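> Below is a structure I'd like to ask you about.
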Amino acid sequence: MQYTGVAMTSMKFGNLHPLPDLSVSKDFFNRKPFICRSWSRREQKLQAPRVADELEHKIVQPFSAEFHQVLEKERANSTGFHDLNLLELIYQISLEAAGEILIAATKNGNVRNQEFEYHSSRAGRDDHLAPWGKLLTGLVCDPPIISIFPFYLMMCQSFGLETLTAQENYVYATLTGVDWLKGKTKWSERFATFEQNARAAVPRLEDKHSGKDRSFWRVALAYLQAVNNTEHAREFTAPHHSYIVTNMNPDILIAVRGFDTIGCAYMCSDGATYLDGPGMDSLIGSAVPNDVMDFHTDILTGETRNLLRLLYPNGQNIENSIATMSTVLSGMLCELFRGHKRARFGGREDGRIAATSPPYSFCRARHRKIFEILEAYIANYPKFWDWTWQIYDQAKDQITEAGLDEPLVNALKRAINQTALSDSKRNNFFREYFEIIEKREGQPQGKQNLGVQGELGKIVHEINSLWHAQLLSSDKKPGWGHDFDERSDALLGRAGEILTSKNGIDKLYRFSIAYGRLSMALPYIAYHTVGAIILTFGVVPLQ
Numbered sequence: 443m444q445y446t447g448v449a450m451t452s453m454k455f456g457n458l459h460p461l462p463d464l465s466v467s468k469d470f471f472n473r474k475p476f477i478c479r480s481w482s483r484r485e486q487k488l489q490a491p492r493v494a495d496e497l498e499h500k501i502v503q504p505f506s507a508e509f510h511q512v513l514e515k516e517r518a519n520s521t522g523f524h525d526l527n528l529l530e531l532i533y534q535i536s537l538e539a540a541g542e543i544l545i546a547a548t549k550n551g552n553v554r555n556q557e558f559e560y561h562s563s564r565a566g567r568d569d570h571l572a573p574w575g576k577l578l579t580g581l582v583c584d585p586p587i588i589s590i591f592p593f594y595l596m597m598c599q600s601f602g603l604e605t606l607t608a609q610e611n612y613v614y615a616t617l618t619g620v621d622w623l624k625g626k627t628k629w630s631e632r633f634a635t636f637e638q639n640a641r642a643a644v645p646r647l648e649d650k651h652s653g654k655d656r657s658f659w660r661v662a663l664a665y666l667q668a669v670n671n672t673e674h675a676r677e678f679t680a681p682h683h684s685y686i687v688t689n690m691n692p693d694i695l696i697a698v699r700g701f702d703t704i705g706c707a708y709m710c711s712d713g714a715t716y717l718d719g720p721g722m723d724s725l726i727g728s729a730v731p732n733d734v735m736d737f738h739t740d741i742l743t744g745e746t747r748n749l750l751r752l753l754y755p756n757g758q759n760i761e762n763s764i765a766t767m768s769t770v771l772s773g774m775l776c777e778l779f780r781g782h783k784r785a786r787f788g789g790r791e792d793g794r795i796a797a798t799s800p801p802y803s804f805c806r807a808r809h810r811k812i813f814e815i816l817e818a819y820i821a822n823y824p825k826f827w828d829w830t831w832q833i834y835d836q837a838k839d840q841i842t843e844a845g846l847d848e849p850l851v852n853a854l855k856r857a858i859n860q861t862a863l864s865d866s867k868r869n870n871f872f873r874e875y876f877e878i879i880e881k882r883e884g885q886p887q888g889k890q891n892l893g894v895q896g897e898l899g900k901i902v903h904e905i906n907s908l909w910h911a912q913l914l915s916s917d918k919k920p921g922w923g924h925d926f927d928e929r930s931d932a933l934l935g936r937a938g939e940i941l942t943s944k945n946g947i948d949k950l951y952r953f954s955i956a957y958g959r960l961s962m963a964l965p966y967i968a969y970h971t972v973g974a975i976i977l978t979f980g981v982v983p984l985q
């Protein structure tokens, strides 16, 4: 990764006093409450675990048992490279928590968990991702939406300029598309066909052929299947309003949401997982931008595993909601700083999953109606941009030494009560990022295209203009949001086509880094305003 002199100095002398990790015993399974869980008993052979009477809710038991069988099979063939016991622990806890959240949401729910086009790809409209899927996997990814997962992995690798890439990892990442293709539909049938073809075309997916231990991918896939089965075990509902009362410890809610992203599989190029304090913040950081961007949609579709829904009560006044969302934004930015610092000075790449979460959301603009949703909120609230700049300014004020030393989990909890950080000096690491947002016109060409040259540079320039100067223009016609979504997707698709015809990982990574920076810019900040509005006034329906 290349940094300016100011950024390098700011990174070197920032986050000098991080909170120390607490020592944790590795003897998890012999401690309450885990000792009474059926999956804590391992036989290293395929058999269904006994169902424990201590489990309050029976909903997850059959899927927990199926997941346990997958882990038993992996343990029997394990190389010992991955800590499968610990992976099972975090995913089993996440599975139980998912069941608890579903039940809590249903107690006060009146919105069915609906699989609209937002969550299932039934509406298609993801053809712009097709060239990216072909570029990265060497296969025709069908349906095209599953290309989002190798795209996410590639963005992760660009964070640290990873030079060792493997087709098998990109294909495994594509198979995590099972999370998007729920139920029996033509889309899930097409995915099943793709999986069959992929396994035939890429025999090195099997460890015995590749010589690599890729159990971390298979465990993540098994977890996604288990949690999807849990969600469909019965008819669940969720509240019309944003907040879901669970009475669960916020630390547990935050931790399991981090695990739920399956960021463990994407955290490092060899599948290694960091579950210390910084590693947990990386996992949590992979969830936060996604939950900010999906807040509106998750309420309408009855999605329950969203941190904003689980942590922040609705009905606050707008000033309090602005304070909450500005702290969410600043906490995330400070986490990105720490991720960059670990990559540059600590030899750790785990921060990549947090840095890659925003572009993951924006690469599916049309499918998720990114700008169409923004248009609805801007049209309904004349003070939208005033509130956006207020959130932005308050977040900037928290990019200080105290903010950089504060773990993301603490920032998210601090946002509940809007408590202030202790006074400390500001850090200038994000100076060029702030310039992207604040200097919307009149920048030199090199600034507008973020250093990307040629045809790809023109695309970066167009995205930059669309997401900043044109977004703020007062002469947009009704329906501009849908137009912005289509243009955003078309530009990304065109970049994929150009890169498919050109060899060279350097061009790929340069574009990816620029796209990632733009994905953190003004539209992303504006979605924090959408969040503040929802917390105070509720969801704005689309026309």
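When you read off a place in the sequence shown, starting at 1, and then add 442, the result is the number in our numbering.
C-beta atoms are modelled at their ideal positions from N, C-alpha and C, and glycine is treated no differently.
As the structure is a prediction and not an experimental result, all values here were calculated from the model.
Roughly how many angstroms separate the alpha carbons of D917 and V981, rounded to a whole number?
As a first step, residue 917 must be located in the sequence shown, where it is residue number 475. As a first step, residue 981 must be located in the sequence shown, where it is residue number 539. If I take the Cα positions, the gap works out to 25 Å.
> If you measure between the beta carbons of N732 and S799, is that distance less than 8 Å?
Mapped onto the sequence shown, residue 732 falls at position 290. Mapped onto the sequence shown, residue 799 falls at position 357. Result yes, Cβ atoms of N732 and S799 sit closer than 8 Å.
> Give the C-beta separation of A937 and I879 to the nearest angstrom, bearing in mind that I take them to be a contact with Cβ-Cβ under 8 Å.
Along the sequence shown, one-based indexing puts residue 937 at 495. Along the sequence shown, one-based indexing puts residue 879 at 437. Not a contact, Cβ separation roughly 22 Å.
> What is the C-beta distance between G789 and H524, in whole angstroms, given that I count them as a contact (C-beta under 8 Å)?
Working through the sequence shown from its first residue, we reach residue 789 at position 347. Working through the sequence shown from its first residue, we reach residue 524 at position 82. No, G789 and H524 are not in contact; Cβ-Cβ is about 19 Å, not under 8 Å.
> Alpha carbon to alpha carbon, what distance is there between E610 and P645?
Along the sequence shown, one-based indexing puts residue 645 at 203. Along the sequence shown, one-based indexing puts residue 610 at 168. Rounded to the nearest angstrom, the two C-alpha atoms are 9 Å apart.
> How many whole angstroms separate the CB atoms of E791 and S711, which I take to be in contact at a CB cut-off of 8 Å?
Here the question's residue 791 lines up with position 349 in the sequence shown. Here the question's residue 711 lines up with position 269 in the sequence shown. Correct: roughly 7 Å between the Cβ atoms.
> Using the DSSP secondary-structure output, state which residues sit across from T769 in a beta bridge.
On the sequence shown, position 327 is the one that residue 769 refers to. T769 is not bridged to any residue.
> Taking the alpha helix (DSSP H) that V582 belongs to, which residues open and close that run?
Position 140 of the sequence shown holds residue 582. That residue, V582, is in no alpha helix (DSSP H); it is neither H nor E in DSSP.
> Please determine, among H738, H570, S763, the residue with the shortest C-alpha to C-alpha distance to E817.
What you label residue 817 is simply residue 375 of the sequence shown in a count that begins at 1. Closest in C-alpha terms to E817, from the list H738, H570, S763, comes H738.
> Starting from V661, follow the alpha helix (DSSP H) in both directions and report where the run begins and ends.
Translated into positions along the sequence shown, residue 661 becomes position 219. Segment 657 to 673, the alpha helix (DSSP H) holding V661.
> Leaving out five residues before and five after F872 in sequence, what residues of the same chain have Cβ atoms less than 7 Å from its Cβ?
Position 430 of the sequence shown, counting from 1, holds the residue named residue 872. L775, I841.
> Going by beta carbon distance, what residues of the same chain come within less than 8 Å of F876, once the five residues before and after it are set aside?
The residue you call residue 876 lines up with position 434 of the sequence shown. Cβ within range, chain order: K838.
> Just tell me which of R656, S763, S657, V851 has its CA closest to the CA of D718.
To locate residue 718, count along the sequence shown from 1; it is residue 276. For the residues R656, S763, S657, V851, the minimum Cα distance to D718 belongs to V851.
> Answer with buried or exposed for T703, where buried requires no fewer than 16 other C-beta atoms within 10 angstroms of its C-beta.
As a working note, residue 703 is residue 261 in the sequence shown. Buried, because 16 or more other Cβ atoms sit within 10 Å of the Cβ of T703.
> Roughly how many angstroms separate the alpha carbons of D925 and I587, rounded to a whole number?
In the sequence shown, the residue the question calls residue 925 occupies position 483. In the sequence shown, the residue the question calls residue 587 occupies position 145. Between D925 and I587, the alpha-carbon positions lie close to 20 Å from each other.
> On the criterion of 16 or more Cβ atoms from any shown chain inside 10 Å, does D736 qualify as buried, or is it exposed?
Counting from one through the sequence shown, the residue named residue 736 turns up at place 294. That one is buried.
> Measure the alpha-carbon distance for G845 versus R780 and round it to whole angstroms.
Working through the sequence shown from its first residue, we reach residue 845 at position 403. Working through the sequence shown from its first residue, we reach residue 780 at position 338. Going from the Cα of G845 to the Cα of R780 covers about 11 Å.
> What span of residues does the alpha helix (DSSP H) with I975 cover, start to end?
In the sequence shown, residue 975 corresponds to position 533, counting from 1. First-last of the alpha helix (DSSP H) with I975: 964 to 979.
> Based on the DSSP output, what are the partners of R676 in its beta bridges?
Here residue 676 corresponds to residue number 234 of the sequence shown, with the count starting at 1. The partner list for R676 (beta bridge, DSSP) is empty, contrary to what the question assumes.
> Using the Cβ count rule (16 or more neighbours within 10 Å means buried), how would you classify W831?
Residue 831 sits at position 389 when you count from the first residue of the sequence shown. Exposed, because fewer than 16 other Cβ atoms sit within 10 Å of the Cβ of W831.
> Whose C-alpha, out of P692, Q511, H782, is nearest the C-alpha of E530?
Within the sequence shown, residue 530 is the residue found at index 88, counting from 1. Residue Q511 is the option with its Cα nearest to E530.
> For the candidate residues L941, L526, L578, V582, whose alpha-carbon lies nearest to that of Y594?
Along the sequence shown, read from residue 1 onward, the residue named residue 594 stands at position 152. The option with the nearest alpha carbon to Y594 is L578.
> Distance check for L892 and L513, CA to CA, integer angstroms please.
Translated into positions along the sequence shown, residue 513 becomes position 71. Translated into positions along the sequence shown, residue 892 becomes position 450. L513 and L892: Cα-Cα distance of roughly 45 Å.
> Rounded to whole angstroms, what's the CA-CA distance from L749 to C706? Just pull it up for me.
One-based indexing of the sequence shown puts residue 749 at position 307. One-based indexing of the sequence shown puts residue 706 at position 264. Going by the C-alpha atoms only, they are around 18 Å apart.
> For A785, collect the residues of the same chain with a Cβ closer than 8 Å to its Cβ; drop the 5 residues on either side in sequence, then sort them by chain order.
In the sequence shown, residue 785 corresponds to position 343, counting from 1. The answer, listed in chain order, is M443, F601, G602, E791, G793, R794.
> Say whether the region 952 to 966 touches the region 751 to 770, bearing in mind that this needs 3 or more beta-carbon pairs closer than 8 Å, one atom from each stretch.
Short answer: they don't touch.
> Helix, strand or coil for R868? Go by DSSP, reduced to three states.
Residue 868 sits at position 426 when you count from the first residue of the sequence shown. In this structure, R868 counts as strand in the three-state DSSP scheme.
> If contact is defined by three or more beta carbon pairs under 8 Å, each pair taking one atom from either stretch, is the region 539 to 551 in contact with the region 669 to 687?
yes
> Just grab the DSSP bridge partners of T842 for me.
Position 400 of the sequence shown, counted from the first residue, corresponds to residue 842. In the DSSP output, where bridge partners are listed per residue, T842 has R868.
> Which of the three DSSP states is assigned to G896 in this structure?
One-based indexing of the sequence shown puts residue 896 at position 454. In the structure shown, G896 sits in a helix (DSSP, three-state: H, G or I).
> Does the beta-carbon distance from L913 to S684 come in below 8 Å?
Position 471 of the sequence shown, counted from the first residue, corresponds to residue 913. Position 242 of the sequence shown, counted from the first residue, corresponds to residue 684. No, Cβ-Cβ distance for L913 and S684 is not below 8 Å.
> Return the Cβ separation of P592 and A608 in integer angstroms, given the expectation that the two are a contact with Cβ distance under 8 Å.
For the purposes of this step, residue 592 is taken as the residue at position 150 of the sequence shown. For the purposes of this step, residue 608 is taken as the residue at position 166 of the sequence shown. Not a contact, Cβ separation roughly 11 Å.
> Look up V687 in the DSSP assignment and say whether it is helix, strand or coil.
By one-based count along the sequence shown, residue 687 stands at place 245. Residue state, collapsed to three classes: coil.
> Do E538 and L526 count as a contact pair if the criterion is CB distance below 8 Å?
By 1-based counting over the sequence shown, the position of residue 526 is 84. By 1-based counting over the sequence shown, the position of residue 538 is 96. Cβ atoms of L526 and E538: not closer than 8 Å.
> Please state whether the Cβ-Cβ distance between A668 and G700 is less than 8 Å.
For the purposes of this step, residue 668 is taken as residue 226 along the sequence shown, with counting starting at 1. For the purposes of this step, residue 700 is taken as residue 258 along the sequence shown, with counting starting at 1. Result no, Cβ atoms of A668 and G700 do not sit closer than 8 Å.
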